[in-house]
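Note sheet for the following structure.
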Amino acid sequence: MSDEIARRSIVLHQGKVLWPAPAPIVQAPTIAAPPAEVKPEAKAITPWQKASREVATLTGAMGGVVALGKITGPAFMSNFYTFGLAGLIGYRAVWGVTPALHSPLMSVTNAISGMVGIGGLFIMGGGYLPHTIPQVLGALSVLLASLNVFGGFIITQRMLDMFKRPGDPPEYPWLYAVPGVVFTGAFLAAASTGMAGLVQAGYLTSSLLCIGGLSGLASQSTARQGNTLGILGVGSGIVSSLAAVGFPTPVLLQFSALASIGAILGRWIGRRITGTELPQTVAALHSVVGLAAVLTSIGSVMAEVGHVELSTLHMVTAYLGVLVGGITFTGSIVAFLKLAGRMGSKPLVLPGRHLINSGLLATNIATLGAFVTMAPSAPAIAALCLTGNAALSFIKGYTTTAAIGGADMPVVITVLNAYSGFALVAEGFMLQNDLLTAVGSLIGISGSILSYIMCVAMNRSLTNVLFGGIAPMPTGAAHKIEGTVTKTNVDEVVDSLTGAENVIITPGYGMAVAKAQFAIAEMTNLLRARGINVRFAVHPVSGRMPGQCNVLLAEAGVPYDLVFEMDEINDDFGDTDIVLVIGANDTVNPIALEPGSSIAGMPVLHVWKSKQVVVMKRGMSSGYADVPNPLFYKPNTRMLFGDAKDLCDALKVGIEKAPK
Numbered sequence: 004m005s006d007e008i009a010r011r012s013i014v015l016h017q018g019k020v021l022w023p024a025p026a027p028i029v030q031a032p033t034i035a036a037p038p039a040e041v042k043p044e045a046k047a048i049t050p051w052q053k054a055s056r057e058v059a060t061l062t063g064a065m066g067g068v069v070a071l072g073k074i075t076g077p078a079f080m081s082n083f084y085t086f087g088l089a090g091l092i093g094y095r096a097v098w099g100v101t102p103a104l105h106s107p108l109m110s111v112t113n114a115i116s117g118m119v120g121i122g123g124l125f126i127m128g129g130g131y132l133p134h135t136i137p138q139v140l141g142a143l144s145v146l147l148a149s150l151n152v153f154g155g156f157i158i159t160q161r162m163l164d165m166f167k168r169p170g171d172p173p174e175y176p177w178l179y180a181v182p183g184v185v186f187t188g189a190f191l192a193a194a195s196t197g198m199a200g201l202v203q204a205g206y207l208t209s210s211l212l213c214i215g216g217l218s219g220l221a222s223q224s225t226a227r228q229g230n231t232l233g234i235l236g237v238g239s240g241i242v243s244s245l246a247a248v249g250f251p252t253p254v255l256l257q258f259s260a261l262a263s264i265g266a267i268l269g270r271w272i273g274r275r276i277t278g279t280e281l282p283q284t285v286a287a288l289h290s291v292v293g294l295a296a297v298l299t300s301i302g303s304v305m306a307e308v309g310h311v312e313l314s315t316l317h318m319v320t321a322y323l324g325v326l327v328g329g330i331t332f333t334g335s336i337v338a339f340l341k342l343a344g345r346m347g348s349k350p351l352v353l354p355g356r357h358l359i360n361s362g363l364l365a366t367n368i369a370t371l372g373a374f375v376t377m378a379p380s381a382p383a384i385a386a387l388c389l390t391g392n393a394a395l396s397f398i399k400g401y402t403t404t405a406a407i408g409g410a411d412m413p414v415v416i417t418v419l420n421a422y423s424g425f426a427l428v429a430e431g432f433m434l435q436n437d438l439l440t441a442v443g444s445l446i447g448i449s450g451s452i453l454s455y456i457m458c459v460a461m462n463r464s465l466t467n468v469l470f471g472g473i474a475p476m477p478t479g480a481a482h483k484i485e486g487t488v489t490k491t492n493v494d495e496v497v498d499s500l501t502g503a504e505n506v507i508i509t510p511g512y513g514m515a516v517a518k519a520q521f522a523i524a525e526m527t528n529l530l531r532a533r534g535i536n537v538r539f540a541v542h543p544v545s546g547r548m549p550g551q552c553n554v555l556l557a558e559a560g561v562p563y564d565l566v567f568e569m570d571e572i573n574d575d576f577g578d579t580d581i582v583l584v585i586g587a588n589d590t591v592n593p594i595a596l597e598p599g600s601s602i603a604g605m606p607v608l609h610v611w612k613s614k615q616v617v618v619m620k621r622g623m624s625s626g627y628a629d630v631p632n633p634l635f636y637k638p639n640t641r642m643l644f645g646d647a648k649d650l651c652d653a654l655k656v657g658i659e660k661a662p663k
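In my numbering, the protein residues as written are 4 to 663.
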């Protein structure tokens, strides 16, 4: 009877009818985890090793600079000197910017990158209208740059105004017109008696003001002043550049008309967008800078080739300006289409895409060789090489950006921001213009730092974001989720909120999509009126661009001193009565703490440590990383399904009606 097969075949035993034997209990197969990789114990670095490595690095850097000077020349090294110093200053300034102001930082650097149009000034000409193709390219560059400058600064100012609180001291931004008028008047008066040193003084003033503009974003109290300094910096740079080119009256009127048209268009764009539309608008403005860099670089070469002897530095940097500007142009357009919902957010992975991109880059390099060796004496070859370079760059910008998923757009936008800066650097080297080199270095370093911050927040490398996706979870390391999903309703959540002392709201991209920030702000005001401590916890990649959720909350009137970054508030969840997670998933996923998961090591908000968690979602779908979220199954978690805005509106009504 103990044999399973015999027992199931017996129906009568010792005169007793036997019921069918119960089915055997089958244990779920256990997938054996792969043997852990034995890693050698990391040996502590001794003080001698640490010091010797630092000295070796410094020695290599100093020797490398000497070698660079030997193989290049004074023209290159002069620009490299400016690039290095400006980059170092920009590095220090950008790291001081508070994370809540990363969106305004991107916007103001985008506006400053409109100085790419200064390069267009040096190839403009003709009369009231341009007469040659290079002059047309210069005019178009100035038009696009003007749109970018005015639109970018207006968008930045609107964002920063959202952060104002009712009790903040008054500000007088109109007073800053005084130094602008004094500088322009003094500059013109001095120029009437000679230009010696004036242009360089203007460039220095412009560069320092732009640095001050970025530094001003270090705190909320000086952020709006920083934007004003940026405006003064761009304005003084344009005045100095106009003096340097010395336009006759007809060309000056041509410039004025182009700048006015660009200003009108930029103002219209800057005034009409909402906080939810910020990411795609910034991406669109990046494309404008990229195209302007392409036009300026091509126009600069075509205006002089065959007439004067172009240096190798001019040729190479013009080619690089087209290359980087072209990638920025089409890459930004793809980012705009994805963020605006006009193109699928899923990665468009072409078969053999790495081979395709490598082939495009190899063709770029081959074309560069032909351009440098044959183009100086043949305008037709120069035009053909530059046009081919632009076409290849446009294709490369599309193929690389289209292959990146929509959730990685925060990194893509910051990378494009850096690209626009480095395109400006190439233009500065090409024209031997210290202002463009310095400002481009600031913008390039700023975008690079923001890209690094975003990648750290996602536990991803930059190469992984740009050239690959999230790695699949290792077999055998799959996380077994235990527990059941517990649903809740609006009435229960209202009772929990009104009965709490400490509440933390954690918004995600779902808040931006649903445009729920205004309902959340009203709900927050009602809870605070009851004496409840309400705070916000914002993850660095909770939106579609750095700091977007901060801007959306500010737009709705949430005071910025209630909004905390992840590192500032993560230790407070244990003392919190209820956490309201609105449209967030991967950023609150405890599986990030599990070794071997595909998001292992990603910094997350520890919302599960609170007494109760309410998660607002449309359904049980996973986040972008496509990994399960054990938070939804924890005993202290309640799921509130539905549209974030509708649910927040219902919660607001419920809180209003709840007895005090």
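Glycine residues also receive a C-beta, built at the ideal position from the N, C-alpha and C atoms.
Values in this document were obtained by computation on a predicted structure and should not be read as measured data.
Pick from the options that is closest to residue i, judged by C-alpha positions
i: residue 645; options: 585, 661, 604 and 639; result: 585
i: residue 339; options: 281, 206, 429 and 194; result: 281
i: residue 454; options: 550, 556, 367 and 258; result: 550
i: residue 295; options: 529, 81 and 149; result: 149
i: residue 249; options: 127, 328, 211 and 312; result: 127
i: residue 3; options: 621, 392 and 162; result: Nothing about residue 3 can be reported from this structure: the residues present for the chain run from 4 to 663 only.
i: residue 576; options: 547, 536 and 602; result: 536
i: residue 271; options: 182, 154, 632 and 618; result: 154
i: residue 372; options: 418, 319 and 178; result: 319
i: residue 234; options: 171, 87, 179 and 346; result: 179
i: residue 246; options: 200, 283, 216 and 210; result: 200
Which residues DSSP lists as bridging residue i, in chain order
i: residue 583; result: 508 and 617
i: residue 536; result: 505
i: residue 641; result: 617
i: residue 518; result: Residue 518 is not bridged to any residue.
i: residue 568; result: 541
i: residue 490; result: 642
Rounded C-alpha distance that separates residue i from residue j
i: residue 50; j: residue 58; result: 12 Å
i: residue 376; j: residue 307; result: 16 Å
i: residue 657; j: residue 534; result: 17 Å
i: residue 158; j: residue 615; result: 39 Å
i: residue 422; j: residue 238; result: 23 Å
i: residue 337; j: residue 401; result: 7 Å
i: residue 330; j: residue 416; result: 13 Å
i: residue 384; j: residue 343; result: 39 Å
i: residue 358; j: residue 195; result: 58 Å
i: residue 670; j: residue 228; result: With the chain covering only 4 through 663, there is no way to say anything about residue 670.
i: residue 133; j: residue 257; result: 8 Å
i: residue 38; j: residue 603; result: Because the pLDDT at residue 38 is just 44, under 50, the model does not fix this residue reliably, and the value given afterwards should be weighed accordingly. So the two alpha carbons sit approximately 18 Å from each other.
i: residue 335; j: residue 397; result: 11 Å
i: residue 317; j: residue 441; result: 17 Å
8 Å Cβ cutoff met for residue i and residue j
i: residue 231; j: residue 176; result: yes
i: residue 642; j: residue 489; result: yes
i: residue 113; j: residue 288; result: yes
i: residue 110; j: residue 285; result: yes
i: residue 117; j: residue 292; result: yes
i: residue 661; j: residue 501; result: yes
i: residue 394; j: residue 350; result: no
i: residue 540; j: residue 572; result: yes
i: residue 458; j: residue 451; result: no
i: residue 515; j: residue 555; result: yes
i: residue 496; j: residue 617; result: yes
i: residue 608; j: residue 548; result: no
i: residue 507; j: residue 531; result: no
i: residue 424; j: residue 439; result: no
i: residue 426; j: residue 181; result: no
i: residue 96; j: residue 222; result: no
i: residue 590; j: residue 561; result: no
i: residue 278; j: residue 558; result: yes
Cβ-based burial, residue i [other Cβ within 10 Å; buried from 16]
i: residue 267; result: exposed
i: residue 333; result: buried
i: residue 659; result: exposed
i: residue 105; result: buried
i: residue 361; result: exposed
i: residue 123; result: buried
i: residue 107; result: buried
i: residue 399; result: buried
i: residue 41; result: Only weak support is given to the placement of residue 41: the predicted model assigns it a pLDDT of 43, under 50, and the value that follows is read from those uncertain coordinates. Its Cβ having fewer than 16 others within 10 Å, residue 41 is exposed.
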